Amino acid sequence: METKNIMIVGVGGQGSLLASKLLGHLLMEQGYDVKVSEVHGMSQRGGSVVTYVRYGDKVASPIIDKGEADFIVSFELLEAARWLGFLKPDGQIVTSTQQIDPMPVITGAAAYPQDLVAKMKATGAKVDALDCLALAEQAGSAKAVNIVLMGRLSHYFDLPEEAWQKSLEAMVPAKFLELNKKAFQLGKNA
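Laid out in structure tokens, this is it:
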């Protein structure tokens, strides 16, 4: 199988590392060669972060170039728009509709862009946008946005749900497992 590319983008502290580790575990368990990059960006300062997950029969490098991403999974709307140039022409964006003001907006030097979902769709991108924060809170914690997004992403993979659940069990601490399983289901069924 040809190599598939997933970019996980967001703002520092949103759980992109757990999401990328969960995907890496899931895909390795399915027998794929998997490369997961480290988190790149100002993760401790609430800045833009990106992680790459690549999988296939044989993967040489963890890096994804512009126009190569099959999926962009975004924790925040502006981050989805920021990385849009990396999406393949037939690629899929899965994004939370959450908006976190970047520093230029906080300082008043810029305004948060409006109608980002419509603007991304206007470029021809396939955009699956949902309020992952509300679903995470419904599951029991605002911190579960990452797992809500993984549940949503699962729609686009032909993998058994048991495989996703097994990876959740392997990657999530036991005391948070039930909450995360609920978050996954809410994202999947949204």
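Under our numbering, the first residue of the sequence shown is numbered -3, with each subsequent residue one higher. We treat Cβ as the ideally placed atom computed from N, Cα and C, and that holds for glycine. The structure presented is a predicted model; accordingly, all values stated were derived computationally and were not measured.
Can you give me the start and stop residues for the alpha helix (DSSP H) that residue i sits inside?
| i | result |
| --- | --- |
| F180 | L173 to N185 |
| G20 | S12 to E25 |
Along the beta strand (DSSP E) that carries residue i, what are the first and last residues, could you check?
| i | result |
| --- | --- |
| M3 | K0 to V7 |
| V32 | D29 to V32 |
Can you list, in chain order, the residues of its chain whose CB lies under 7 Å from that of residue i, leaving out five sequence neighbours each side?
| i | result |
| --- | --- |
| A125 | T91, T93 and V113 |
| V101 | A107 and Y108 |
Leaving aside the five residues before and after residue i along the sequence, list all residues of the same chain whose C-beta is less than 8 Å from its C-beta, in chain order.
| i | result |
| --- | --- |
| K17 | V32 and M167 |
| Q95 | E72, L73, L74 and Y108 |
| L80 | I68, I89, M116, T119 and A121 |
| G63 | G81, F82, L83, K84 and P85 |
Between residue i and residue j, is the Cβ-Cβ spacing less than 8 Å?
| i | j | result |
| --- | --- | --- |
| Y51 | D86 | no |
| L155 | F180 | no |
| K122 | G147 | no |
| G9 | V141 | no |
Whose C-beta lies closer than 6 Å to the C-beta of residue i among residues of the same chain, with five residues either side of it excluded?
| i | result |
| --- | --- |
| D53 | M(-3) |
At which residue ranges does the region 49 to 88 contain complete alpha helix (DSSP H) runs of 4 or more residues, listed in the order of the chain?
-> For secondary structure counted as the alpha helix (DSSP H) over 4 or more consecutive residues, the region 49 to 88 holds these complete runs in sequence order: 73 to 78.
Can you list the beta strand (DSSP E) stretches of 3 or more residues lying completely in the region 95 to 166, in chain order?
-> 122 to 126
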